[in-house]
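Okay, so here's the structure we're looking at.
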Amino acid sequence: MQYVTLEGYSTAALFMGIGWSMLARPLLSRIDSERAHGLAIRSLSGFGQTSAGIRALNTLYQSPELPTHVFGRLFRHPLGLAAGMDKDASALSAWPALGFSWVEYGGITRFPQEGNPKPRMFRADAEQALVNSMGFNNPGASSIRDQLIRRRSAGKWPNVPVAANIGRSKKVDNSQAPSDYSATLETLWDHADFFVLNISSPNTPGLRDLHEESSLSSVLRACNSVREMKGGGKQILLKLSPDASDEDLVSTSEEALKNGVDGIVATNTTLKRPIPKNTKSRHAFAQNGGVSGRPLQSRSLDVVSMLYESTDGKVPIVGVGGIDSADSAWNSVTSGASLLQLYSALVFKGPSVVSNIVRGLRSRVRENGFSSIDEAVGYNNA
Ligand SMILES: Cc1cc2nc3c(=O)[nH]c(=O)nc-3n(C[C@H](O)[C@H](O)[C@H](O)COP(=O)(O)O)c2cc1C
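Going letter by letter, the sequence shown gives residues 976 to 1357 in my numbering.
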């Protein structure tokens, strides 16, 4: 088990005894957010290395069953870990032990990259929001593939569905996006159950222009060629921006479906800023980058609802953005989300947020007379 000492505390012990929310605040609020995040991931990755560590996390954080079938796969419940938390897939085994039913690692790019200059992650505690301008810092697709091969051969592959989040390398422009995305897809093909093409991070210049139909269809055609070459059988999802207009989101999703996309992830972070409640938040919101967490909740929900309607509920939607309670999760499901993800709530509320949400969803399924969560999907839009 790996212990990282900080100000006299073992972060591993903090995970066990006090949880992530205390790890992130107030103890770590005095150090840079990205460093705090790095310490947390290293601790988790340490726990994930041993069966005793996994068992310990499981005992504390196990979530109940609320099974659902999506993409032809069984998920123990709908709530997974959003992209960006485990960027280099180093803590993959630990997430199911924290209660998540599925995991998305990445974003991964074809070429290794440093990301944007630090500091690039800020907390606005009063709004329960994060601002980040990470810029796809990652060791590149080949290095991730090699690490995942080692993980699998060591018997440390998690027993839940795993998705890979793929971004465009910063050093290529959008004209080369088709070959860039498809090369990463090919490299990672054997190392995820399904894939999320991220065209919606605000931190890579020009990336969001890929919502435009002709650019998007070129990227998707290139990725479909890889899928055909590999014999198919794995889904490709598209992750959208909350800042595109409703009209553009509808046409982007139509184009995506025409080109064989199997699901939509709604949404990535937003460039919009709420009115800051205090000086710390004013400082955070003055930084470049995307806002996640509570301020994103209502726009993400609207996008889920709108796309569920515009696609007649035929395409699975992953609801993500400000999900931090059973209520916000239930709203997303009844608006049309088949699966859910969170990131920011883990930072502000700690790992127990996962089982609390799933427990709350189970109660709501029962209270509303549904026999499974699948029946509740899009119920408000029916
Ligand atoms: C620090 C940070 C890094 C992120 N990196 C990625 C990424 O690499 N790819 C991606 O698709 N989304 C990324 N996201 C967005 C999240 O996956 C998610 O869509 C967003 O944070 C909204 O969910 P939340 O409100 O639960 O945090 C990142 C978010 C944060 C806060």
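Backbone N, C-alpha and C define an ideal beta-carbon position, used for all residues, glycine too. These figures come from a predicted structure and were not determined experimentally.
Cβ neighbours of glutamate 1040 within its own chain (closer than 6 Å, five residues either side excluded): Arg1051.
The DSSP-derived three-state label of isoleucine 1298 is coil. At a cut-off of 3 residues, the continuous stretches assigned as beta strand (DSSP E) that sit fully inside the stretch 1054-1119 are 1054-1056, 1077-1083, 1096-1099, 1104-1107.
Following the DSSP letters along the chain, one finds serine 1313 inside the beta strand (DSSP E) bounded by residues 1312-1317. For arginine 1048, the pairing in a beta bridge is given by DSSP as Val1045. Straight through space, the alpha carbons of threonine 1254 and leucine 1163 are spaced by roughly 43 Å.
Between glutamine 1103 and glycine 1268, the C-beta spacing is below 7 Å. In this structure, the C-beta of serine 1319 approaches ligand 1 to less than 6 Å from one of its heavy atoms.
When DSSP reads this structure, asparagine 1173 sits in a beta bridge with Lys1214. Valine 1194 and valine 1236 have their alpha carbons spaced roughly 11 Å apart.
At the C-beta level, proline 1291 and valine 1045 come within 7 Å of one another. Looking at the backbone, the Cα of threonine 1159 and that of isoleucine 1124 are separated by about 15 Å. Take serine 1285, set aside five residues on each side of it, and the residues of its chain with a beta-carbon closer than 6 Å to its own are Val1225, in chain order.
Boundaries for serine 1267: no alpha helix (DSSP H) harbours it, while the beta strand (DSSP E) harbouring it runs 1265-1268, taken from the DSSP string.
Not one heavy atom of ligand 1 is found less than 6 Å from the C-beta of glycine 1074. Set against 6 Å, the gap from the CB of glycine 1013 to the closest heavy atom of ligand 1 is not smaller. Beta-bridge annotation (DSSP): threonine 1245 is paired with Val1266.
Contact between the stretch 1190-1208 and the stretch 1238-1250 is absent: fewer than three C-beta pairs spanning the two stretches fall below 8 Å. The three-state secondary structure of alanine 1167, taken from DSSP, is coil. When the beta-carbon positions are compared, proline 1217 and threonine 1179 stay at least 7 Å from each other. Excluding the 5 residues flanking it on each side, valine 1106 has same chain C-beta neighbours closer than 6 Å at Phe1097, Ala1259, Gln1262, Gly1264, Val1266, in chain order.
Using a Cβ distance threshold of 7 Å, lysine 1214 and asparagine 1149 do not count as a contacting pair.
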